[in-house]
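Chemist:
Residue numbers (this note's numbering): 7 to 533.
Quick look at the structure:
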């Protein structure tokens, strides 16, 4: 017992020392933070002319293109930045300092060099080795970077983060999960993708299957308004709000050289060549072509949700999503990598089935999940969902890919990251919100609800492709009278041959043991 107390004392002493050492990079009180708003739509540019002509033909409607391809999603952002003339606003949960992240940063810097105003708002939880790059970008007169709900010290160590969580868990456990990319106040990219290699098929370990919408029309103004609400909120801090070294013109010049070199290297890569071969016409909102048109509404949690001490439905988008689901008469498709409906959500979905509505859900399998704790939460409700008639499909990892150590919290090959809902082949939601308690109550989320059967059909095609036997497991209950009646079974296909499993397939024994342990813990409200 004395040893336990001694170890606890050592840990506490180290934590306090870490806090003391972090004081030199702690938050300042004298930082400048000037409010700003989205600029008016750019109508005099070639892009503006094209977009305005399209929008004028569809009064009171917004136009959409669905980004299912990761390569297309990256190049869309690149081309939009290259065509920007007035402003670029980015809001992301993750902006990695990797090959694709640095490519996007290089295009943003190039746009700023020609006079484009760039505002970058990032959640602070995943800012690590990106901080120097962000500091240097912020040194540009046309670029401003803010961190949302930051730790109290600049680039804290893991021990410092753990310590700060101990003393400020209520705040730091709540994160900004929103994702938007708005150019010239004319076009917006809203959906599930962050900025980083794994979201654009350039990752070495995991590549995510995701969805974004390119949007034009009235909904873009709503997206800009939502961005401004977060940018000017009390929880958004300038990247210069910390004590310590400030980036200057020299740091910016060095970053410009480094990013240009990295962009040149990236352009010569096999990935870039494959992307160009696959996209000969160039993916851009400027390109004439088909748009999905419909009345649309951007929905976004209020930034004040971060500080709420009790659940306030007026601060979150959940009631608006439920209102869309309540309209269902025929069928509901759910796509969510983190699917933890809870008792009330399970009752709701099975009640839809009881009223004759087909409900199908696509989520990650244990082998493709990057969050074992979330899968543990999902597995608590899996049987009840199946017993209530909900059809469950679980994405398979990449065939033949080895599964890394579960302690790293990483999946192998392919992992689902898309968040979408389709109701009655007509209403569509695409955004950042998972169907779990964290998205509902803790994180802030956003997305777009559209009334458009053609767009609904496009998302349904994505769903149907994803649940093919070669890509996913159908999870079913064995029929009564069979040897394993009432037990769960996973059905799939390998090389055209039907294959059946009686437990979570292709997952290591260690991963299964980990999930079994996590199911015993009362952590559902944090998932």
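For each residue, glycine too, the CB sits at the ideal point set by N, CA and C.
1. My assumption, with CB atoms under 8 Å, is that residue 219 sits in contact with residue 72. Please give the rounded CB distance.
2. Among the candidates 91, 382, 245, whose CA atom is the shortest distance from the CA of residue 37?
3. Alpha carbons only, please: which of 74, 127, 66 is nearest the one belonging to residue 222?
4. What residue from 70, 93, 53, 75 has the CA that sits closest to residue 45's CA?
5. Leaving out five residues on either side along the sequence, give the residues of the same chain with a beta carbon under 6 Å from the beta carbon of residue 129.
6. Tell me whether residue 424 sits in a helix, a strand or coil according to DSSP, three-state version.
7. With H, G and I counted as helix, E and B as strand and the rest as coil, what does DSSP make of residue 370?
8. Which same chain residues end up closer than 7 Å to residue 97 when comparing Cβ atoms and leaving out the 5 residues on each side of it in sequence?
9. According to DSSP, is residue 415 part of a helix, a strand, or is it coil?
10. Determine the direct distance from the alpha carbon of residue 344 to that of residue 444, and round the result to whole angstroms.
11. Look at the Cβ atom of residue 2, then the Cβ atom of residue 369, and state whether they are nearer than 8 Å.
12. Once DSSP output is grouped into helix, strand and coil, what is the label at residue 120?
13. Apart from the five residues on each side of it in sequence, which residues of its chain come closer than 6 Å, Cβ to Cβ, to residue 465?
14. Within the continuous alpha helix (DSSP H) that includes residue 539, where are the two ends?
15. Determine the contact status of residue 201 and residue 229, defining contact as a CB-CB distance below 8 Å.
16. Please give me, in chain order, every unbroken run of the beta strand (DSSP E) with length at least 3 that falls completely inside the region 47 to 110.
17. Would you mind working out which of 421, 107, 144, 253 sits nearest residue 123, comparing C-alpha positions?
18. Short check: CB of residue 365 to CB of residue 355, under 8 Å?
19. With distances taken from CA atoms, which of 321, 83, 478 is nearest residue 403?
20. Report the rounded CA-to-CA distance for residue 262 versus residue 299, giving the unit in angstroms.
21. Could you work out which residue in 493, 518, 448, 157 is closest to residue 249 when comparing CA atoms only?
22. Check whether the region 371 to 380 touches the region 451 to 461, counting contact only when three or more Cβ pairs, one atom from each stretch, lie closer than 8 Å.
23. Closest by CA to residue 110, which one among 311, 516, 268?
24. Leaving out five residues before and five after residue 214 in sequence, what residues of the same chain have Cβ atoms less than 6 Å from its Cβ?
25. Classify residue 136: buried if its beta carbon has 16 or more other beta carbons within 10 angstroms, exposed otherwise.
26. From this set, 482, 515, 476, 151, which residue's C-alpha is nearest residue 502's C-alpha?
27. Consider the C-beta atom of residue 334 and the heavy atoms of the ligand NAD; say whether any pair is separated by less than 7 Å.
28. If you check the beta carbons only, do residue 48 and residue 112 fall under 8 Å apart?
29. So which of 56, 518, 530 has the shortest CA-CA distance to residue 441?
30. DSSP on residue 209, reduced to helix/strand/coil?
31. When you compare only the Cα positions, how much space is there between residue 511 and residue 209?
32. Can you tell me whether residue 373 is buried or exposed, with buried defined as 16 or more other CB within 10 angstroms of its CB?
33. Let me confirm a value: residue 170 is counted as buried when at least 16 other C-beta atoms fall within 10 Å, else exposed. Which label applies?
34. Answer with buried or exposed for residue 212, where buried requires no fewer than 16 other C-beta atoms within 10 angstroms of its C-beta.
35. Below 8 Å on the Cβ atoms is my guess for residue 323 versus residue 306; work out the distance and round it to an integer in Å.
36. Give the C-beta separation of residue 340 and residue 367 to the nearest angstrom, bearing in mind that I take them to be a contact with Cβ-Cβ under 8 Å.
Modeler: In this structure, then:
1. The residue given as residue 219 occupies position 213 in the chain shown. The residue given as residue 72 occupies position 66 in the chain shown. Contact between residue 219 and residue 72 holds, with the beta-carbon distance rounding to 6 Å and staying under 8 Å.
2. Within the chain shown, residue 37 is the residue found at index 31, counting from 1. Nearest C-alpha to residue 37: 245.
3. Against the chain shown, residue 222 aligns to sequence position 216. Out of 74, 127, 66, the CA that lies nearest to the CA of residue 222 is found in 66.
4. As a working mapping, residue 45 is identified with position 39 in the chain shown. Selection 70, 93, 53, 75 evaluated against residue 45 yields 93 as nearest (Cα-Cα).
5. As a position in the chain shown, residue 129 is number 123, starting the count at 1. Hits under 6 Å: 99, 154, 181, 182.
6. Against the chain shown, residue 424 aligns to sequence position 418. Reduced to three states, the DSSP call for residue 424 is coil.
7. If you number the chain shown from 1, residue 370 lands on position 364. Three-state result, residue 370: strand.
8. Here residue 97 is taken as the residue at index 91 of the chain shown, counted from 1. Only residues of its own chain outside the window of five on either side were considered, and among them 127, 184, 185, 186, 233, 236 have a CB closer than 7 Å to the CB of residue 97, listed in chain order.
9. Residue numbering aside, residue 415 sits at position 409 when the chain shown is read from its first letter. In this prediction, residue 415 has a pLDDT of 37, which is less than 50 and means its spatial position is unreliable; nothing more can be read from the coordinates.
10. Within the chain shown, residue 444 is the residue found at index 438, counting from 1. Within the chain shown, residue 344 is the residue found at index 338, counting from 1. Cα-Cα distance, rounded: 10 Å.
11. A query on residue 2 cannot be resolved here, the shown segment of the chain reaching from 7 to 533 and no further.
12. Looking up residue 120 in the chain shown gives position 114. Taken through DSSP and simplified to helix, strand or coil, residue 120 comes out as coil.
13. Here residue 465 refers to the residue found at position 459 of the chain shown. Excluding positions up to five away in sequence, the list reads 426, 428, 434.
14. Residue 539 lies beyond the stretch modelled for the chain, which goes from 7 to 533, so this question has no answer here.
15. For the purposes of this step, residue 201 is taken as residue 195 along the chain shown, with counting starting at 1. For the purposes of this step, residue 229 is taken as residue 223 along the chain shown, with counting starting at 1. In terms of Cβ geometry, residue 201 and residue 229 do not form a close pair [threshold 8 Å].
16. Runs found: 68 to 73, 93 to 98.
17. To locate residue 123, count along the chain shown from 1; it is residue 117. Selected option, being the one with the closest Cα: 144.
18. As a position in the chain shown, residue 365 is number 359, starting the count at 1. As a position in the chain shown, residue 355 is number 349, starting the count at 1. Yes, the Cβ-Cβ distance between residue 365 and residue 355 is below 8 Å.
19. Numbered from its first residue, the chain shown carries residue 403 at position 397. Checking every option, the nearest Cα to that of residue 403 belongs to 478.
20. As a position in the chain shown, residue 262 is number 256, starting the count at 1. As a position in the chain shown, residue 299 is number 293, starting the count at 1. Going by the C-alpha atoms only, they are around 40 Å apart.
21. Here residue 249 refers to the residue found at position 243 when the chain shown is read from its first residue. The shortest Cα separation from residue 249 among 493, 518, 448, 157 belongs to 157.
22. Segments in contact, no.
23. Against the chain shown, residue 110 aligns to sequence position 104. The candidate whose alpha carbon is nearest that of residue 110 is 268.
24. On the chain shown, residue 214 is found 208 positions in, with the first residue counted as 1. Counting only Cβ-Cβ distances below 6 Å, and skipping sequence neighbours, we find 204, 205, 421, 423.
25. Reading the chain shown from its first residue, position 130 is the one you call residue 136. Flag for residue 136 reads buried.
26. Start at 1 with the first residue of the chain shown, and residue 502 comes out as number 496. When only C-alpha atoms are compared, the closest one is 476.
27. Ligands displayed in this structure: none; no statement on the ligand NAD is therefore possible.
28. If you number the chain shown from 1, residue 48 lands on position 42. If you number the chain shown from 1, residue 112 lands on position 106. No, the Cβ-Cβ distance between residue 48 and residue 112 is not below 8 Å.
29. Within the chain shown, numbered from 1, the residue matching residue 441 stands at position 435. If you compare the alpha carbons of 56, 518, 530 with that of residue 441, the shortest gap goes to 530.
30. Here residue 209 refers to the residue found at position 203 when the chain shown is read from its first residue. Three-state result, residue 209: coil.
31. Counted from its first residue, the chain shown places residue 511 at position 505. Counted from its first residue, the chain shown places residue 209 at position 203. The alpha-carbon atoms of residue 511 and residue 209 are separated by roughly 24 Å.
32. Position 367 of the chain shown holds residue 373. With 16 or more Cβ atoms within 10 Å of its Cβ, residue 373 is classed as buried.
33. Position 164 of the chain shown, counting from 1, holds the residue named residue 170. Residue 170 is buried by the Cβ-count criterion.
34. Position 206 of the chain shown, counted from the start, is the residue given in the question as residue 212. Buried, by the Cβ-count rule.
35. Taking the chain shown and counting its residues from 1, the one referred to as residue 323 is at position 317. Taking the chain shown and counting its residues from 1, the one referred to as residue 306 is at position 300. Confirmed, Cβ separation roughly 7 Å.
36. Your numbering for residue 340 matches position 334 in the chain shown. Your numbering for residue 367 matches position 361 in the chain shown. Approximately 4 Å separates the beta-carbon atoms of residue 340 and residue 367; this is inside 8 Å, confirming the contact.
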